[in-house]
Amino acid sequence: MISVTGGAICLGSAFFMSCTMTHAHAIPILQDNYVWCWPAADGASAWVVDPGEAAPVLAHVQARGWQLAGILVTHWHPDHIGGIPALLEAAPCPVIGPAAEADRIPTLTQEVRGGDVLDLPIGRVRVIDVPGHTLGHIAFLLDDWLFCGDTLFCGGCGRLFEGTPEEMLASLTRLADLPADTRVACTHEYTLANLSFAAAVEPNNATLRAFRDHAQALRDQGKPTLPSTLGRERAINPFLRTDQPSVQAAARARAGRSLATQAQVFAEIRGWKDQF
Ligand code: ZN
Ligand code: FE
202 MISVTGGAIC LGSAFFMSCT MTHAHAIPIL QDNYVWCWPA ADGASAWVVD
252 PGEAAPVLAH VQARGWQLAG ILVTHWHPDH IGGIPALLEA APCPVIGPAA
302 EADRIPTLTQ EVRGGDVLDL PIGRVRVIDV PGHTLGHIAF LLDDWLFCGD
352 TLFCGGCGRL FEGTPEEMLA SLTRLADLPA DTRVACTHEY TLANLSFAAA
402 VEPNNATLRA FRDHAQALRD QGKPTLPSTL GRERAINPFL RTDQPSVQAA
452 ARARAGRSLA TQAQVFAEIR GWKDQF
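Residue 202 is where the sequence shown starts when you use my numbering, and the numbers rise one by one after that.
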C-alpha cells in the first residue's frame, strides 16, 4: 500500500508509525463550496474553515463523535460565514478571522492579520494577507495545508470584487512562493470550468491537458478535485503564470496591444475569464 499523508510517503506497515500528521478533508455545502475540516489530535474535536452553512458541518462532525472546537474565516462573503451563528448556538467556540473585515463578520471572537502566528489546539497557524477578492481577505497555513478561501483556486483565482489586479497578483505571488508540496485547500469546486479557461490561454500546456483529464475523472466519480498543490498550480494555473511567454502572448493577442507589466497581463486574463 502506498499512501501520501501530510507530505510524507508511507509504505505498508510503516504507514501507522511514520504518518502522524493530520489531514484536512472537505465537507461539501451549498452549490459548490467546501468547508475544510481539521480533526484535532485529541480525536474528540475538530476545527472548520469558512462554514457558509451549519447543518452539513454539524452532521459531519457529530457523525464522527467530534465536538466543533473552532472556526477560521478567510473573508466576509455570506457563502463563507453564513453558518456561523447556528454553529455557535450548537457549540460555542472561537471564531478567528480578518481584522480588516471585523465590521462585516459580527461573530468574530478574535481578529487576526497577516504575519500573525496562532498557537491553536490543532497546531501552529500562520496568517497571510491576500487582498484582491476582498480587501481584508486572509489565508491560513497549517502544517503544509493552505486554506486560501476565494483567492487561489485550482486552475484559477477569485474575482476582483474589491481589490486591484496589482493587489491580487501580489497576493497570489505570496502564496505561490510557498513550497511546491503545499496543499491548496480553496473553498470552491470550480476546477473544471477553470481548466477549460486555462486551456484557452495555454492550449499547448501538456501538464494542464493531463491534469484536466484527471480532474474530469474525479468529478465523474463525484469526488472533489481538491486539495491541489502549489507545484501543480504553478504548472497549470494561468494566474500564477503571468511570467510565462505563452501566457503573455495569449494576453497580448486578446488585448490587441503590447502589455508592459505582469500586472497588465494578469488584468487582461482576469477580464477575459470574467467573460469566458
Ligand atoms: Zn468570496
Ligand atoms: Fe466564495
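Beta carbons: idealized from backbone N, C-alpha and C, even for Gly. Note that the coordinates shown come from a computational prediction; the quantities given were computed from them, not determined experimentally.
- Which residues share a DSSP beta bridge with F354? The sequence position of residue 354 within the sequence shown is 153, counting from 1. In the DSSP assignment, the residues bridged to F354 are G357.
- Task: Can you have a look at P240 and say buried or exposed, based on whether 16 or more other CB atoms are within 10 angstroms of its CB?
- Result: Residue mapping note: residue 240 aligns to position 39 of the sequence shown, counting from 1. Counting Cβ neighbours within 10 Å, P240 comes out buried, since at least 16 surround it.
- Message: Residues in the same chain with beta-carbon distance under 8 Å from A291, minus the five sequence neighbours each way, listed in chain order, please.
- Response: Locating residue 291 in the sequence shown gives position 90, where the first residue counts as 1. Excluding residues within five positions, the ones whose Cβ falls inside 8 Å are A255, L259 and L269.
- Consult DSSP for N395 and reduce its assignment to one of helix, strand or coil. Reading the sequence shown from its first residue, position 194 is the one you call residue 395. Three-state result, N395: helix.
- Endpoints, alpha helix (DSSP H) assigned at W473: Here the question's residue 473 lines up with position 272 in the sequence shown. Taken as a continuous stretch (DSSP letters only), the alpha helix (DSSP H) holding W473 covers Q463 to D475.
- Please say whether I282 and D251 have beta carbons closer to each other than 9 Å? For the purposes of this step, residue 251 is taken as residue 50 along the sequence shown, with counting starting at 1. For the purposes of this step, residue 282 is taken as residue 81 along the sequence shown, with counting starting at 1. Yes, these two residues count as a Cβ contact at 9 Å.
- Beta carbon of I339 nearer than 9 Å to that of V313: Here the question's residue 339 lines up with position 138 in the sequence shown. Here the question's residue 313 lines up with position 112 in the sequence shown. At a Cβ-Cβ threshold of 9 Å, I339 and V313 count as neighbours.
- So who's on the other strand from G298, going by DSSP bridges? Translated into positions along the sequence shown, residue 298 becomes position 97. In DSSP, G298 forms a bridge with E312.
- Message: Run through the DSSP bridge pairs and tell me what S429 is partnered with.
- Response: In the sequence shown, counting from the first residue as 1, residue 429 sits at position 228. In DSSP, S429 forms a bridge with V385.
- Task: Measure the alpha-carbon distance for C387 versus F354 and round it to whole angstroms.
- Result: In the sequence shown, counting from the first residue as 1, residue 387 sits at position 186. In the sequence shown, counting from the first residue as 1, residue 354 sits at position 153. Their Cα atoms are separated by approximately 6 Å.
- Query: At which residues does the beta strand (DSSP E) containing D330 begin and terminate?
  - Reply: Along the sequence shown, one-based indexing puts residue 330 at 129. G324 to D330 is the extent of the beta strand (DSSP E) around D330.
- Query: Would you call T275 buried or exposed, if buried means 16 or more other Cβ atoms sit within 10 Å of its Cβ?
  - Reply: Stepping through the sequence shown from its first residue, residue 275 is reached at position 74. The residue is buried, with at least 16 neighbouring Cβ atoms inside 10 Å.
- Message: Quick check: does the Cβ of D475 come within less than 8 Å of any heavy atom belonging to ligand 1?
- Response: Taking the sequence shown and counting its residues from 1, the one referred to as residue 475 is at position 274. Every heavy atom of ligand 1 is 8 Å or more from the Cβ of D475, so no.
- Is the closest heavy atom of ligand 2 to the C-beta of G244 under 8 Å? Here residue 244 corresponds to residue number 43 of the sequence shown, with the count starting at 1. Checking the Cβ of G244 against ligand 2 gives no.
- Item | Beta-carbon separation (whole angstroms), A461 vs E469, contact threshold 8 Å | To locate residue 461, count along the sequence shown from 1; it is residue 260. To locate residue 469, count along the sequence shown from 1; it is residue 268. So it is not a contact: roughly 11 Å between Cβ atoms.
- Task: Given a cut-off of 9 Å, decide if A399 and N406 are closer than it, judged by their beta-carbon atoms.
- Result: Your numbering for residue 406 matches position 205 in the sequence shown. Your numbering for residue 399 matches position 198 in the sequence shown. Closer than 9 Å, so yes.
- Query: DSSP on S447, reduced to helix/strand/coil?
  - Reply: The sequence position of residue 447 within the sequence shown is 246, counting from 1. Reduced to three states, the DSSP call for S447 is helix.
- Message: Tell me the residue span of the beta strand (DSSP E) that contains Q268.
- Response: Along the sequence shown, read from residue 1 onward, the residue named residue 268 stands at position 67. Residues Q268 to L273.
- Query: For ligand 2, which residues count as neighbours when the test is a C-beta closer than 6 Å to any heavy atom?
  - Reply: H278, D280, H281, D351, T388 and H389
- Message: Could you pull the DSSP bridge partners for D320 from this structure?
- Response: For this step, residue 320 is matched to residue 119 along the sequence shown. Here D320 is bridged, per DSSP, to R325.
- Message: How far does the beta strand (DSSP E) with I230 in it extend, from its first residue to its last?
- Response: In the sequence shown, counting from the first residue as 1, residue 230 sits at position 29. Where I230 is concerned, the enclosing beta strand (DSSP E) stretches over H226 to I230.
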